[in-house]
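A.B. asks: So the number in the numbering used here is just where the residue sits in the sequence shown, counting from 1, plus 597. For reference, the structure I am asking about is given below.
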Amino acid sequence: MPIRRLISLLGEQHHERVIVSGAEAVSEHGIVEAAWEILPRMHSTKNPVLRRQLAIAIGNLLGRPGEFYPYLTGERAQEGRRLGTLVRRARRAMAAVRRRLPRDTKANILWNDLGDELGRVRGLMEGQSYRAAIEALYGIVRRLVAAVTGRETTDETALEYAILRDTRLGLGFWFVIEVKRRMGETADAELLHTDALLALYFLGAYRLPRERDAFDAE
């Protein structure tokens with residue numbers, strides 16, 4: 598089935614098995630536009646199995662196919678260990694980005710208190726303060742976008758610029774903006790936990806593209 602038809606299926610009323618199959622297919626192909634349909638589905642379903650499968654599909658788009666799966670589906674007793682792994686990965690990934698950016702004040706936007714902020718995110722998530730964790734993760738990704746693009750501006754302008762320059766960065770920024778906007782609409786702690794895990798996973802999975810010219814300030 599053509600990819601575009603698979604994306605359109607996600608926005609239509611179908612059996613949950615069809616939705617999951619479509620989400621898996623488009624996410625494994627890296628079709629980032631599918632996230633626009635998958636995230637609302639993930640937030641609206643009351644079926645925990647469907648929600649988990651849709652979250653895995655979003656993880657495939659934010660990072661590497663299949664990589665997010667164990668962070669969401671492992672044993673409860675290992676949650677603290679998995680969270681620690683995600684935080685360490687985020688620190689390493691952001692350090693790698695820093696090494697490739699110019700040593701100027703714009704690049705320093707991201708790094709001043711990054712270690713402390715990621716540690717705070719871990720503490721908030723361990724304390725099940727998922728809304729505060731999402732707010733903090735939004736702030737970190739917002740600073741990442743400003744550092745990589747060399748621009749500090751409104752969310753709307755920064756998002757447009759990020760999508761044009763680096764689709765993966767744009768998707769990650771869109772994701773945190775959207776889950777931050779939606780978190781006031783739900784009291785479902787498990788859903789908020791999943792959103793926070795995905796945002797943290799994105800930070801650990803992000804890699805600056807090789808084509809640095811794409812990020813030269815205009």
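Don't be surprised by glycine CBs; every beta carbon is placed ideally from N, CA and C.
In three-state DSSP terms, what is D713?
C.D. replies: Here residue 713 refers to the residue found at position 116 when the sequence shown is read from its first residue. In the structure shown, D713 sits in a helix (DSSP, three-state: H, G or I).
A.B. asks: If you follow the alpha helix (DSSP H) that Y727 is in, where does it begin and where does it stop?
C.D. replies: Locating residue 727 in the sequence shown gives position 130, counting from the first residue. Segment Y727 to T746, the alpha helix (DSSP H) holding Y727.
A.B. asks: Mind checking whether Y758 and T746 have CB atoms under 7 Å apart?
C.D. replies: One-based indexing of the sequence shown puts residue 758 at position 161. One-based indexing of the sequence shown puts residue 746 at position 149. The Cβ atoms of Y758 and T746 sit closer than 7 Å to each other.
A.B. asks: Based on Cα-Cα distance, which residue from L680, R689 and R697 lies nearest to R816?
C.D. replies: As displayed, the chain neither begins before 598 nor continues past 815, which places residue 816 out of reach and without an answer.
A.B. asks: Mapping DSSP to helix, strand and coil, what is P699?
C.D. replies: As a first step, residue 699 must be located in the sequence shown, where it is residue number 102. When secondary structure is reduced to three states using DSSP, P699 falls in the coil class, being assigned neither helix nor strand.
A.B. asks: Would Y727 and H640 qualify as a contact pair, given that the criterion is a beta-carbon distance under 7 Å?
C.D. replies: Position 130 of the sequence shown, counting from 1, holds the residue named residue 727. Position 43 of the sequence shown, counting from 1, holds the residue named residue 640. No, the Cβ-Cβ distance between Y727 and H640 is not below 7 Å.
A.B. asks: In the DSSP assignment, find the alpha helix (DSSP H) that holds D785 and state where it starts and stops.
C.D. replies: For the purposes of this step, residue 785 is taken as residue 188 along the sequence shown, with counting starting at 1. Per DSSP, D785 belongs to no alpha helix (DSSP H) and is neither H nor E.
A.B. asks: Could you tell me the alpha carbon to alpha carbon distance between E782 and A729, rounded to whole angstroms?
C.D. replies: For the purposes of this step, residue 782 is taken as residue 185 along the sequence shown, with counting starting at 1. For the purposes of this step, residue 729 is taken as residue 132 along the sequence shown, with counting starting at 1. Between E782 and A729, the C-alpha separation is close to 15 Å.
A.B. asks: Return the first residue and the last residue of the alpha helix (DSSP H) that Y803 is part of.
C.D. replies: Locating residue 803 in the sequence shown gives position 206, counting from the first residue. Per DSSP, Y803 belongs to no alpha helix (DSSP H) and is neither H nor E.
A.B. asks: Compute the minimum distance between the beta carbon of Y798 and the heavy atoms of the ligand NAP, and state whether it is under 6 Å.
C.D. replies: Ligands displayed in this structure: none; no statement on the ligand NAP is therefore possible.
A.B. asks: Tell me the start and end of each unbroken alpha helix (DSSP H) in the segment 630 to 705 that is at least 4 residues and wholly inside, in chain order.
C.D. replies: 632 to 641, 645 to 659, 666 to 670 and 676 to 697
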